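Start counting the sequence shown at 1; every next residue gets the next number (the UniProt record's numbering).
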Amino acid sequence: MRTGPDDHTDSLLSNLTDFSPSSDRDFLLVPTTHLARAIQDAYISSKVPIIPDQITTLREFCRRCHESAGSLTTLISDGQSLQILSETLEAIRNDIPFFFSRHNPAPTTLKDLLALRDIISQRRIDFFKPVLIQNSEKCQQIHRALEAYEATLLEKNLLDATGLIDWTISEIDDGSSFSFGTVIFRGFHRPLLREKELILAIRDHAKLCRYDYPTGKDSKIFDLPDWFGDGISPLDEPSLSGLFTGEECHNHNEIRIGIFQSPHEEFESIAEEICTLNNSGVALDDITVALPDISSHSLITGIFQDFNLPCRVLTGEALNREPLVGFFSLFPSLVVNNFPREDLISLISSPFFKTEQLDIRLPEVGVIDTILRKARIMDGTSWDHDLEALAGDSNCEAGDERGEPVDPDALNAVRTFIVTFQTSLLTLKMEQTLADHVTALRLILKHWVKPEFIGNPDINRVSERERRAWERFDACLTRLSVMTDPDRKIGAGSFNRYLNYLLEELVTIAEDHGGVTVMRLSETAHLNLPVLFLAGLVEGDIPRPSTRLPLLTSAESEVLGGRNLAEVISGEQYSFISAISAGRQAYLSAPRTRSEKTLLTSPFLEEVRQRLNYLEWNPKITRSKRNASISAGSVITKGTGCADDILDLLPVNQTYGSVAERILMEDWYRTGAPDSPYDGIVSDDPDIAAWLSKKFGPEKVWAPTRLETYATCPFRFFLERVLNLFPLVEVDPSLTPAQRGTFIHETICDFFRQWSQDGPKHITRQTLPEAARLLKEIGKEKSGRYHFTSSAWHAALLSLFGTPDTSGLFDRFLMREAAREDSSLLPRFFELEIRERQDKNSDEKEDDATREAADDHRVLLDQGEGEPILISGRIDRVDISSDGFFAIIDYKTGGSYPSAKGIKEGTALQLPLYLLALEKMHESDEIPLTGIAGSYCEISRRVKQTWPLLSPDQKNLISAGTSRATSGFREVILSSLEAARDCINQIRSGRFPLPDTCQVPYCEFSGICRFDRYRISSGDES
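As structure tokens, then:
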């Protein structure tokens, strides 16, 4: 860390002119690692000979004492502490149910327990002494857990971070291991009892010892360390030490304050100001950004990259946040989580994944995902059974409504891969020792990870950061098995937890290329920083007024002697004063909101605003690449500015023309009447128009539902039928909505066929029990084709079939049918295929085999004066009277379906076209059929029948309740045919605009639909 000019370097060494730690017995001990490094740099800049390692923190001092003593105890890391604690608690789980509300203690609970242990040690608290604690079952269990953990450490000769300090105090007091030369303690503010004991132990075994303590005007914050005895020496007062006294206060540094709308705007303003400072000659290494809560540092680094600002975060990051390490950890987590399909796809999508060792050619990841979805695989280890079932499915040969057919070769390759992959990973599933788990994971990585990413040859193909990530991960595997009983066997879940404890330790992987420093606000104390940005100064972050101890209530914390609110506020005030005094030029800032939550600025910041002279700070953002692109777009939109100047604002991969085209796309082509390719109008391209005319020419056979799709939303038709795009196959632990619809349709169809074997007949109130038995018998037989085991599947069956005490959906359907027993029309055809009849004079009773044998599955609708249309499809049900009148019933298993208004407007075409097609099929019969009604029968959570098409003259033949007759019934049907012809002409001419209003409540293409041009601004991408 650069420290600036010599006078400020000297300020770091004030009171140290007669001391230089050049002997391994001399120490300069300071509160933070950053201060230690700054003082080391100051000595080096002053060309004073020192041993840099002798300037250090108390914790690092203890670690070096342990290392030099050759102790029989082993020092363990924080991650290893969690591992040992977890093992210990598992061994006594029956005695401590408080920690096992789930199968295993949560990592946060374990961390809280270790934090509580450290606080108890720091404050020298006798945890189990207060009566309130003794009478609390929870506290009794905490006490048992702590005692068991202590016993485990003692038994295994281990020291964690808390025990290390107590060990050091004991060893120094013993007098036989350590003696010191000159020791100076510098900058400690109100150390706790344990640190005081350590400081006094060092003092008592040092040849010369001095305690340089912070001083200031505020007696509530600064006090005399008379506990140290002789040898105390005051440091210079911070310039703002009286900030919270209410007395007159003057700042000797330059302070600027800015309040911003959001953290993003705040950090952009900081980056903009840093660029300005850098252009004026301030080195980036001389600039520091400090925050009370540094968890948002990823946002900072992302914004700084946008401004081309290098930075270094001095807190470190969890190793498992490295992409390569996150990839490694997916292997054991797949086993523990029972192979979720999404996680498998994520793993094999990684550039680190290796498939070259397989003897088969694996298809692309998207194909693998589609195959697994079509096999309805969600998780589990019996995937081959589902894939085998898919291989035998007719969809593999012919495809289906929702996409291309499954390639048999691709399916076989996926089956081979899945069996090989799961067999390999299941070596982690068995109960085995930690060492065996580590060995198994190493073999898995060797088999499935590209060799260059696990330290093998071709190392030049990986980055230095990836190489370091592998080395750290490999070291974690090595460390993992040395802390536990070598013969103890554990499952995959425990292994995965223990591994993640180590991977969550903070490490520094990135190389230090200099740049802006990002650190915690509390670590700026006593530093000398040329430029300091104190950001995120909001209430709750500073001060953070928590007085509760981890895992304990406020009352329990108070009785144990936890910090009271005054102590907490005093400590936070000291940190703030030290931080603001550390910067020669200080920028203070706070956001007004965070994640849509309104924030209050810190009372400390308000104190500065009320009592000190400061400048407002709110720079205009000009150097952000992102904002520059937005500004360029604004200039282009207004048509002002020089093209060459605008190019300087744009990314290298954008031109004036490309941006202008995108702006025109939204602000010109997408406004007004649809008239451009950006509105779905491709009619101006003669090649496209010719292709469409051929693809959808006169010989095209149309399903009414396809034409209805176009009439409702031409853009959706374009996606599905022109571009052949299909959403990903849904995977559900029960029937998907489409499968549920198919199941209900097939069950009801087969029921009516069997019910009408001896001739068409109604369901009456008298025959309801018989009909219910038959319908449920057929339904249960069909449900046996599915192999679901989830509770959702069983719930779906109950909703359909009911229970002895409650009626199901099928019961309610039959009751609706029985209510129409007076109708003159009888159920006659079911799943009737639209086709030209082979023998016009044959009996109308045709079996399925006869229908399937027909070659011409279509009917030519030539009514009216327009172009004839070929129609195909299946009609769910046709009810016919003895004199040839018929009604069509279409089953709908969802709650959304067209209305009479849609039919009249020409967007609901299915019922009228089916009526015309059936009339055409039977126009030469002895008694020609005449359509008189079209109905939708909703069978979803309710059973409801509507009659959007109903002839006024024959309404009395149908038990349609209070349904309105359709005025101009025959004209409405023929106008639907004209609407269908118009749709076909529009399709051939290349017109696929978005509708004026979106009429589809649920659309699978909503993710790529441009109906809402502002959809991005209201989503996560904003």
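Just so it is clear, CB atoms sit at the ideal spot from N, CA and C, and this is done for glycine as well. Owing to the predicted nature of the structure, the values given are computational and were not obtained by experimental measurement.
ask   = Roughly how many angstroms lie between the CA atoms of glycine 894 and proline 737, to the nearest whole one?
value = For this step, residue 894 is matched to residue 894 along the sequence shown. For this step, residue 737 is matched to residue 737 along the sequence shown. Their Cα atoms are separated by approximately 8 Å.
request  = Just tell me which of Pro868, Leu860, Ala887 has its CA closest to the CA of arginine 981.
outcome  = Position 981 of the sequence shown, counted from the first residue, corresponds to residue 981. The shortest C-alpha separation from arginine 981 is found at Pro868.
message = Quick check on valine 972: does DSSP put it in helix, strand or coil?
response = Your numbering for residue 972 matches position 972 in the sequence shown. Helix.
ask   = Which residue comes first and which comes last in the alpha helix (DSSP H) that contains glycine 163?
value = Counted from its first residue, the sequence shown places residue 163 at position 163. Looking at the DSSP string, the run of the alpha helix (DSSP H) that includes glycine 163 is 161 to 174.
key: Rounded C-alpha distance that separates proline 363 from arginine 63   = Along the sequence shown, read from residue 1 onward, the residue named residue 363 stands at position 363. Along the sequence shown, read from residue 1 onward, the residue named residue 63 stands at position 63. Answer to the nearest angstrom: the Cα atoms are 53 Å apart.
key: Counted within 10 angstroms of its Cβ, other Cβ atoms place lysine 920 as buried (16 or more) or exposed   = Within the sequence shown, residue 920 is the residue found at index 920, counting from 1. It counts as buried.
key: Cβ pair valine 335, alanine 586 closer than 7 Å   = Position 335 of the sequence shown, counting from 1, holds the residue named residue 335. Position 586 of the sequence shown, counting from 1, holds the residue named residue 586. Not closer than 7 Å, so no.
ask   = Using the C-alpha atoms, what's the distance from alanine 36 back to proline 238?
value = For the purposes of this step, residue 238 is taken as the residue at position 238 of the sequence shown. For the purposes of this step, residue 36 is taken as the residue at position 36 of the sequence shown. If you take the alpha carbons of proline 238 and alanine 36, they lie about 19 Å apart.
inquiry  = Using CA atoms only, rank isn't needed, just tell me which of Glu247, Ser23, Thr276 is closest to phenylalanine 180.
reply    = Position 180 of the sequence shown, counted from the start, is the residue given in the question as residue 180. Closest option to phenylalanine 180, Cα to Cα, is Ser23.
Cα-Cα separation between glutamate 844 and glutamate 720, rounded to whole angstroms = Translated into positions along the sequence shown, residue 844 becomes position 844. Translated into positions along the sequence shown, residue 720 becomes position 720. Reliability of the predicted coordinates at glutamate 844 is poor, the pLDDT of 45 falling under 50, and the value obtained from them is presented with this limitation in mind. Near 36 Å, if we compare the C-alpha coordinates of glutamate 720 and glutamate 844.
ask   = Can you give the Cα-Cα distance for glycine 562 and leucine 116, rounded to whole angstroms?
value = Along the sequence shown, one-based indexing puts residue 562 at 562. Along the sequence shown, one-based indexing puts residue 116 at 116. Approximately 11 Å between the Cα atoms of the pair.
request  = Mind checking who phenylalanine 886 pairs with in its DSSP beta bridge?
outcome  = Here residue 886 corresponds to residue number 886 of the sequence shown, with the count starting at 1. Answer is Ile880, Gly931.
task = Specify the secondary structure class of tryptophan 227 as computed by DSSP and reduced to three states.
result = To locate residue 227, count along the sequence shown from 1; it is residue 227. In the three-state DSSP reduction, tryptophan 227 falls in the helix class (H, G or I).
query = Leaving out the 5 sequence neighbours to the left and right, which residues in its chain are closer than 6 Å to glycine 187 when beta-carbon positions are compared?
reply = Residue numbering aside, residue 187 sits at position 187 when the sequence shown is read from its first letter. Excluding positions up to five away in sequence, the list reads Val30, Pro31, His526.
ask   = With burial defined as no fewer than 16 other Cβ atoms inside 10 Å of the residue's Cβ, what is the status of arginine 415: buried or exposed?
value = Numbered from 1 along the sequence shown, position 415 holds the residue referred to as residue 415. Burial call: buried.
inquiry  = For lysine 955 and alanine 933, I'd like the C-alpha separation in whole angstroms.
reply    = Taking the first residue of the sequence shown as position 1, residue 955 is located at position 955. Taking the first residue of the sequence shown as position 1, residue 933 is located at position 933. Each residue's alpha carbon lies about 8 Å from the other.
query = If we count the other Cβ atoms within 10 Å of its Cβ and call it buried at 16 or more, is proline 486 buried or exposed?
reply = Residue 486 sits at position 486 when you count from the first residue of the sequence shown. Label assigned to proline 486: exposed.
inquiry  = Please classify alanine 853 as buried or exposed, where buried requires at least 16 other C-beta atoms within 10 Å of its C-beta.
reply    = For the purposes of this step, residue 853 is identified with residue 853 of the sequence shown, where counting begins at 1. In this predicted model, alanine 853 has a pLDDT of only 40, less than 50, meaning its place in the structure is not dependable enough to derive any value.
request  = Quick one: give me the first and last residue of the alpha helix (DSSP H) that methionine 430 is part of.
outcome  = If you number the sequence shown from 1, residue 430 lands on position 430. Neither: methionine 430 is in no alpha helix (DSSP H) and is coded neither H nor E.
Buried versus exposed, by CB contacts within 10 Å (16 or more), aspartate 684 = Walking along the sequence shown from the start, residue 684 turns up at place 684. Flag for aspartate 684 reads exposed.
message = I'd like to confirm the pairing. Which residues does DSSP put opposite lysine 489 in its beta bridges?
response = Taking the sequence shown and counting its residues from 1, one reaches residue 489 at position 489. DSSP, once it has assigned bridges, lists Thr433 as partnering lysine 489.
task = Express the C-alpha separation of leucine 113 and glutamate 596 in angstroms, rounding to a whole number.
result = If you number the sequence shown from 1, residue 596 lands on position 596. If you number the sequence shown from 1, residue 113 lands on position 113. Taking the straight line joining both Cα atoms gives about 33 Å.
task = Give the DSSP-derived three-state secondary structure of alanine 398 in the structure shown.
result = Within the sequence shown, residue 398 is the residue found at index 398, counting from 1. For alanine 398, the pLDDT reaches just 37, beneath the cut-off of 50, and the residue's location in the model is therefore unreliable, although a value from the coordinates is still provided. Residue state for alanine 398 is assigned as helix, using DSSP reduced to three classes.
query = If you compare alpha carbons, which of Pro530, Asp384, Leu13, Thr315 is closest to isoleucine 274?
reply = Translated into positions along the sequence shown, residue 274 becomes position 274. If we check each option's Cα against that of isoleucine 274, Pro530 comes out closest.
ask   = How many Å lie between glutamate 195 and serine 170 at the Cα?
value = The residue labelled residue 195 in the question sits at position 195 within the sequence shown. The residue labelled residue 170 in the question sits at position 170 within the sequence shown. Roughly 13 Å separates the two Cα atoms.
Residue span of the alpha helix (DSSP H) that contains cysteine 62, given as start and end = Mapped onto the sequence shown, residue 62 falls at position 62. Element bounds for cysteine 62: 58 to 69.
query = Are there 16 or more other CB atoms within 10 angstroms of the CB of asparagine 157, so buried, or fewer, so exposed?
reply = The count along the sequence shown starts at 1 and reaches residue 157 at position 157. Label assigned to asparagine 157: exposed.
query = Can you tell which of Ile92, Leu800, Val701, Pro698 has its C-alpha closest to the C-alpha of arginine 740?
reply = Residue 740 sits at position 740 when you count from the first residue of the sequence shown. Nearest option by C-alpha distance: Leu800.
query = In terms of residue numbering, what span does the alpha helix (DSSP H) encompassing aspartate 474 cover?
reply = Against the sequence shown, residue 474 aligns to sequence position 474. Segment 464 to 480, the alpha helix (DSSP H) holding aspartate 474.
inquiry  = Cutting at 7 Å between CB atoms, please list the residues of its own chain near serine 989, excluding the five before and the five after it.
reply    = Against the sequence shown, residue 989 aligns to sequence position 989. Cβ-Cβ distances below 7 Å link serine 989 to Ser683, Ala689 in the same chain, with the five nearest sequence neighbours on each side left out; the list follows chain order.
key: Alpha carbon of glutamine 945 to alpha carbon of aspartate 359, nearest angstrom   = In the sequence shown, residue 945 corresponds to position 945, counting from 1. In the sequence shown, residue 359 corresponds to position 359, counting from 1. Looking at the two C-alpha atoms, the distance is approximately 57 Å.
query = Taking just the CA atoms, how far does isoleucine 377 sit from alanine 792?
reply = For the purposes of this step, residue 792 is taken as the residue at position 792 of the sequence shown. For the purposes of this step, residue 377 is taken as the residue at position 377 of the sequence shown. Taking the straight line from one Cα to the other gives about 15 Å.
Limits of the unbroken alpha helix (DSSP H) element including glutamine 80 = Working through the sequence shown from its first residue, we reach residue 80 at position 80. That run of the alpha helix (DSSP H) goes 78 to 91.
request  = Can you have a look at leucine 728 and say buried or exposed, based on whether 16 or more other CB atoms are within 10 angstroms of its CB?
outcome  = Within the sequence shown, the letter at position 728 stands for residue 728. Here leucine 728 is exposed: its Cβ has fewer than 16 other Cβ atoms, across all protein chains shown, within 10 Å.
query = Straight-line CA distance for residue 1029 to proline 704?
reply = Coverage of the chain is limited to positions 1 through 1022, which leaves residue 1029 absent and any answer about it impossible.
inquiry  = Can you check which of these residues, Ala389, Thr381, Ile454, Met430, is closest to phenylalanine 421 by C-alpha distance?
reply    = Taking the sequence shown and counting its residues from 1, the one referred to as residue 421 is at position 421. If we check each option's Cα against that of phenylalanine 421, Thr381 comes out closest.
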